[in-house]
Amino acid sequence: MNFSENLIKSYKEAKVFQELSQLNCIDYLYDGTSFGVSTNDTLKIYCPIRGILYNTIHIPQLRKFIFLFKNTILHSTENYIKYLSLYDNQYIRSFKCEKVKSLSSNINNDLFLSSSNDCVNVWDLRCKNSIYKLSVNDSIVSFSSNNKFCVNVGDSLVKQYDMRNVTYGPEKTIYFDGHDEITGIQYSNDSKNIIISSNNIHTVVSAETGKVKYNHCFDKVSYACASPDSKYLFCTSGSHVFVYGIDDKKKVHTFKDSNFEHGLIKCNPAYTQFVTASTSVVFWMPPQDV
């Protein structure tokens, strides 16, 4: 899918769902046909194309979640990561892991990653025990589409590993500064860039060279995501959504919504759509797709 500046500028609010509590996690299915949001005990699944809510699942102690394959998710509770079938609401497998801070997967294989207070675990969906463990405190982890993954060590260092040679240690160490506490790490879809986020700063780093390209700094709490074609960076701040070119840092457009504050943001991986979420879920699309 190729985005353009004119296409981005045409986006409008297509559908708004009012929620009663603060949302803490959002994710799209890899093919863009399902979208989920979670609170502390509820997971809601939407059809983002039709703009309808079609499933609500009550999950006590729900923390993080990610979509895996069609009709399956991984989610964490206080002491476990659970592999859930949405088809019949039955658990396929549970993995013992306490106080999960982040989850990340790769649709091309059965592996996934988790980070917690004192370690990063590499898991295979077919095994109940982790297949590899890294001793890292209070980290966030991200899996790329080309079998690399990265993990932060403190607030000024990220290490990148090759999953095929993880026992050999990191293949690259990335240094940066300006962050108080890392809140998110993600790869662009083409795996060429890493976006490192704290409360109000997003640092774009070349995954190939390990060099910092630039920072985006905001006055208020901010979240970010890359477009599916890896050309644009979407950032929220207060009641605004800012869009920049990833390669040149050029500001492409600014969206403003007086009802939107400090929201999560995610681009649909397969359709011309993005979503913002705080106490409301807002689907944004070009007028011709609404």
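With UniProt numbering, the residue at position 229 of the sequence shown is 229, and numbering never jumps.
Cβ coordinates follow ideal geometry from the N, Cα and C atoms, glycine included.
Query                                                                                                          : Result
Beta carbon of ASN79 nearer than 8 Å to that of LYS64                                                          : no
CA nearest to the CA of ILE131, picked from LYS12, ASN268 and THR167                                           : THR167
Rounded straight-line distance, which links the Cα of THR173 to that of VAL37                                  : 33 Å
Entirely enclosed beta strand (DSSP E) segments - the stretch 98-155, minimum 3 residues                       : 102-105, 111-115, 120-124, 132-134, 141-143 and 148-152
Of the listed residues TYR214, TYR54, ASP247 and CYS267, nearest to ASP31 (C-alpha basis)                      : CYS267
Check whether VAL204 and ASN193 have beta carbons under 8 Å apart                                              : yes
Sequence-distant residues of the same chain with beta carbon closer than 7 Å to ALA277, five excluded per side : LEU23, ILE26, VAL37, GLY263 and LEU264
Alpha-carbon to alpha-carbon, ARG50 and residue 341                                                            : Since the first residue of the chain shown is 1 and the last is 290, residue 341 is not available in this structure.
Supposed close pair VAL120, VAL136 - CB separation, criterion 8 Å                                              : 5 Å
Rounded C-alpha distance that separates ILE57 from GLY154                                                      : 35 Å
Cβ separation of ASN55 and ILE45, assumed to be a contact under 8 Å, to the nearest whole Å                    : 4 Å
Buried or exposed by the 16-neighbour rule on C-beta atoms within 10 Å, applied to PRO48                       : buried
The stretch 101-117 touching the stretch 70-90, judged by at least three CB pairs closer than 8 Å              : yes
Span separating the alpha-carbon of LYS159 from that of LYS133                                                 : 14 Å
Chain C within 8 Å of LEU134, Cβ atoms only                                                                    : Here there is only one protein chain, and chain C is not present.
Assumed close pair ASP257, VAL275 - CB separation to whole angstroms, cut-off 8 Å                              : That belief does not hold up - the Cβ atoms of ASP257 and VAL275 are roughly 12 Å apart, past 8 Å.
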